[in-house]
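Colleague:
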Amino acid sequence: MEIRKLELKGVDSKRPLVIAGPCSAESREQVLETAEKLAANGIKVFRAGIWKPRTKPGGFEGVGVPGLAWLKEVKEKFGMLTATEVATPSHVFEALKAGVDVLWIGARTVTNPFAMQALADALRGTDMPVLVKNPVNPDLELWVGAIQRLYNAGLRNLGVIHRGFSSYDKKIYRNAPLWHIPIELRRRFPEITMLCDPSHIGGRRELVAPLAQQAMDLNFDGLIVESHCDPDSALSDAAQQLTPEVLDYTLDMLVIRDNVQTTENISVLRKEIDSLDTQLLQLLAKRMGVSREIGTYKKEHNMPVLQDRRYDEILGSRREMGESLDLDGEFVNRIMACIHEESVRVQMKLMEK
Ligand code: PEP
Ligand code: MN
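Taking this note's numbering, the leading residue of the sequence shown gets 1, the next gets one more, and so forth.
#1: Since Arg188 is in the alpha helix (DSSP H), which residue starts that stretch and which ends it?
#2: Reducing DSSP to helix, strand and coil, say where Ile192 ends up.
#3: Just the residues with CB closer than 5 Å to a heavy atom of the ligand PEP, in chain order, which are they?
#4: How many Å lie between Leu38 and Glu76 at the Cα?
#5: Run through DSSP, which three-state label would Thr250 get?
#6: First and last residue of the alpha helix (DSSP H) that includes Val144?
#7: Closer than 8 Å is the cut-off here; do at least three beta carbon pairs connect the segment 208-225 with the segment 234-248?
#8: How far does the alpha helix (DSSP H) with Phe114 in it reach, from first residue to last?
#9: Closest to Asp101 by CA distance: which of Ala118, Gln117, Thr126 and Leu119 is it?
#10: Does at least one heavy atom of the ligand MN sit under 8 Å from the Cβ of Gln30?
#11: Regarding Gln240 and the ligand MN, is the C-beta to nearest heavy atom distance less than 8 Å?
#12: Taking 8 Å as the threshold, find out whether the segment 21-38 comes into contact with the segment 58-65 through three or more Cβ pairs.
#13: Is there contact here, the segment 315-333 with the segment 288-297, by at least three beta-carbon pairs under 8 Å?
#14: Which residue's Cα is closest to the Cα of Arg187: Asn219, Asp169 and Arg163?
#15: When you measure from the CB of Glu191 to every non-hydrogen atom of the ligand MN, does any distance come out below 8 Å?
#16: Using CA atoms only, rank isn't needed, just tell me which of Trp51, Gly99 and Leu315 is closest to Arg108.
#17: Does DSSP put Ala209 in a helix, in a strand, or in coil?
#18: Determine the contact status of Val86 and Ile105, defining contact as a CB-CB distance below 9 Å.
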């Protein structure tokens, strides 16, 4: 695949390209009021979900086709391009008919190859700009596969959106950023236009600005940010939407480092190290938790903390595993010995209680 930079009519390619608008189109008034304010602040591309994928039935599932007329009005009144999410061929058909300028494919849809192929077939023969969000699960190949299906259908005006990855145990972020995944995508496709969606990664208003800055520091091309004229009353994703005023301030505060020298490559790698260290520590904490549970079990069943054979087994098998991953055996031994020592300490403490 030879993927070129995304081109949007009338939008210059200066970093950051910003797409903004509400999570969902809710009413004509909400759409027009939000768009007018965003346009006045220089936003050129307006987003709004017309069909909303909700985890459980019964939530607000979008206004559907009638909302497309509001997007048309946004185009006519404020000269903005419009963007919406499509998940089925009939969404594509309706969006094209209504003159929507940019389509994005949502994280849930990208996980499903059948749905992706159906969308690629529906788009075949058009040169629609399409943005592919990462799948909800951290699977780079699935993300690449979705892009390939569109590419194979003849689409060339493509880009991607990093919106973070879902996890069972939610921590700081609604969707873990796992920056190393989009970084690897960029390594494979250096020209691909990458936008970051700090709203869906953060899930909370106050995380949008720092995430947007991190994305800029990682040389993302742009941002897609949820903005609503009255965020607290939003029918979906209320906690993560910004007013157009706050968005404007947030964008003003961004530091755009465009001196693309070797040092920039180093900072990209350092961010990757930061992200990997976070994961390492989270995993270590998880492992310690399990070890604590084992300790409780041993205590209740009157078993000794130390079982020598198990320790030997751990050291031996981990060393082998590490070596197969190109890690130095001695290094793996030292780490495992240190982790084991801490596990024993934690379990001994449990015994005292
Ligand atoms: C959205 O952009 O509002 C949306 C539903 O996004 P995602 O597919 O990333 O969850
Ligand atoms: Mn949303």
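Glycine included, each C-beta is placed from N, C-alpha and C at the ideal position.
Modeller: So, from the listed chains and residues:
#1: His180 to Arg188
#2: coil
#3: Cys23, Gly49, Gly106, Ala107, Lys133, Arg163 and His200
#4: 15 Å
#5: helix
#6: Leu140 to Asn152
#7: yes
#8: Pro113 to Leu123
#9: Looking from the CA of Asp101, the closest CA among Ala118, Gln117, Thr126 and Leu119 belongs to Thr126.
#10: no
#11: yes
#12: yes
#13: no
#14: Asn219
#15: no
#16: Trp51
#17: Looking at Ala209 - three-state DSSP - the assignment turns out to be helix.
#18: yes
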